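> In this note's numbering, the protein residues as written are 2 to 225.
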Amino acid sequence: MPTSFHHCRWTHANTAEFSSPDEIHVWKISLFDPRPDELEILSRNELQRSHDFKNETARKTYVCSRLIMRWLFASYLKQPASELKFQTTQHGKPFLVGNTTELKFNLSHSGAVMLLAVSPIIELGIDIEQHKEIKNWEKIAQKVFDTQLVRSLKQQKQPEKAFISAWTEFEARQKSHGEGIFGKKISPIHNTVSINMNIDGFEASLCYIPATGTPDICCFNFTE
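#1: Rounding to the nearest angstrom, what Cα-Cα distance links residue 115 and residue 181 in this structure?
#2: Looking at the unbroken alpha helix (DSSP H) that takes in residue 22, where does it start and where does it end?
#3: Does the Cβ of residue 128 have 16 or more other Cβ atoms within 10 Å, making it buried, or fewer, making it exposed?
#4: Tell me residue 29's beta-bridge partners as DSSP assigns them.
#5: Per DSSP, what kind of secondary structure is residue 3 in: helix, strand or coil?
#6: Counting C-beta neighbours from all protein chains within 10 Å, is the total for residue 217 16 or more, i.e. buried, or is it exposed?
#7: Short check: CB of residue 170 to CB of residue 206, under 8 Å?
#8: On a Cα-Cα basis, can you pick out the residue from 168, 117 and 91 that is closest to residue 29?
#9: Per DSSP, residue 204 is paired with what?
#10: By the 10 Å Cβ neighbour count, where 16 or more other Cβ atoms means buried, how is residue 164 classified, buried or exposed?
#11: So, with DSSP's three-state summary, where would you put residue 164?
#12: What is the rounded straight-line gap between the Cα of residue 211 and the Cα of residue 139?
#13: Candidates 184, 196 and 201: which alpha carbon is nearest residue 92's?
#14: DSSP three-state label for residue 140, please.
#15: Inspect the beta-carbon positions of residue 79 and residue 99 and report whether they are closer than 8 Å.
#16: Please name the residue, chosen from 103, 119, 21 and 71, that lies closest to residue 41 on a Cα-to-Cα basis.
#17: The alpha helix (DSSP H) with residue 49 in it runs from where to where?
#18: Keeping to the same chain, check which residues put their C-beta closer than 8 Å to that of residue 225; ignore five residues upstream and five downstream.
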């Protein structure tokens, strides 16, 4: 299926609720410094893992992502944030366990920005990459993309930026099918809708597997 461009109208919000099952909510979050009392909702395993990070930025990103998921999912599911339980797939994709109401979700981060995509029933994946110089992008592209796409990227006015855009679409598509970037390659025409999202300084893509029709996509800026 073809890639489309979605112009996001980011609305500020800190609570979450779906109007219908055919919705996808995309949350944009800036990294923040959590207060000590906010960490109380994290599980023992999450706290232990946060202490295992050697890099402070990586630790902060992990903690922020876990807090955000707990705050928002508690709002969606009408459950206490501290009681939510997560597990991960073999590819590292987190999912909720032990809930009567299921949520489909996916998270990505780059620089100081995170994107969280959530839906009641629609399988999805999301990826964001900050604009930056990638000297060996051609070598990476040749390992991941087909010859036709590599040739097309080289012909673009800004081939490096085009590569980053293609990469976010590729990774989001893989994630929507539960695959990692080194897993089974999912074809762009494999029943997946890809959407490029406009975020200044970044390339971002949302991919989803259609369930009952074209979903409403709502974009939110998370505010504490």
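Here a beta-carbon is modelled for each residue, glycine too, at the ideal position from N, C-alpha and C.
In this text the structure is predicted, and so the values were computed from the model without any measurement.
Quick answer:
#1: Mapped onto the sequence shown, residue 115 falls at position 114. Mapped onto the sequence shown, residue 181 falls at position 180. Cα-Cα distance, rounded: 19 Å.
#2: As a working mapping, residue 22 is identified with position 21 in the sequence shown. Boundaries cannot be given for residue 22, as no alpha helix (DSSP H) includes it and DSSP labels it neither H nor E.
#3: As a position in the sequence shown, residue 128 is number 127, starting the count at 1. Buried, because 16 or more other Cβ atoms sit within 10 Å of the Cβ of residue 128.
#4: In the sequence shown, the residue the question calls residue 29 occupies position 28. DSSP, once it has assigned bridges, lists 116 and 222 as partnering residue 29.
#5: The residue you call residue 3 lines up with position 2 of the sequence shown. Annotation note: pLDDT 45 at residue 3 (below 50); position unreliable, coordinate value reported separately. In the structure shown, residue 3 sits in coil (DSSP, three-state: anything other than H, G, I, E or B).
#6: On the sequence shown, residue 217 is found 216 positions in, with the first residue counted as 1. Classification for residue 217: exposed.
#7: As a first step, residue 170 is located in the sequence shown; it is residue number 169 there, counting from the start. As a first step, residue 206 is located in the sequence shown; it is residue number 205 there, counting from the start. Taking 8 Å as the Cβ cut-off, residue 170 and residue 206 qualify as a contacting pair.
#8: As a position in the sequence shown, residue 29 is number 28, starting the count at 1. Selected option, being the one with the closest Cα: 117.
#9: Residue 204 sits at position 203 when you count from the first residue of the sequence shown. DSSP output for residue 204 lists 130 and 199 as bridge partner(s).
#10: Taking the first residue of the sequence shown as 1, we reach residue 164 at position 163. Buried is the call here.
#11: Within the sequence shown, numbered from 1, the residue matching residue 164 stands at position 163. Looking at residue 164 - three-state DSSP - the assignment turns out to be helix.
#12: In the sequence shown, residue 211 corresponds to position 210, counting from 1. In the sequence shown, residue 139 corresponds to position 138, counting from 1. If I take the Cα positions, the gap works out to 32 Å.
#13: As a position in the sequence shown, residue 92 is number 91, starting the count at 1. Measuring from the Cα of residue 92, the nearest candidate turns out to be 184.
#14: Looking up residue 140 in the sequence shown gives position 139. Helix.
#15: To locate residue 79, count along the sequence shown from 1; it is residue 78. To locate residue 99, count along the sequence shown from 1; it is residue 98. Taking 8 Å as the Cβ cut-off, residue 79 and residue 99 do not qualify as a contacting pair.
#16: Taking the sequence shown and counting its residues from 1, one reaches residue 41 at position 40. The candidate whose alpha carbon is nearest that of residue 41 is 71.
#17: If you number the sequence shown from 1, residue 49 lands on position 48. Note, residue 49: alpha helix (DSSP H), 45–53.
#18: The count along the sequence shown starts at 1 and reaches residue 225 at position 224. Around residue 225: 15 and 33.
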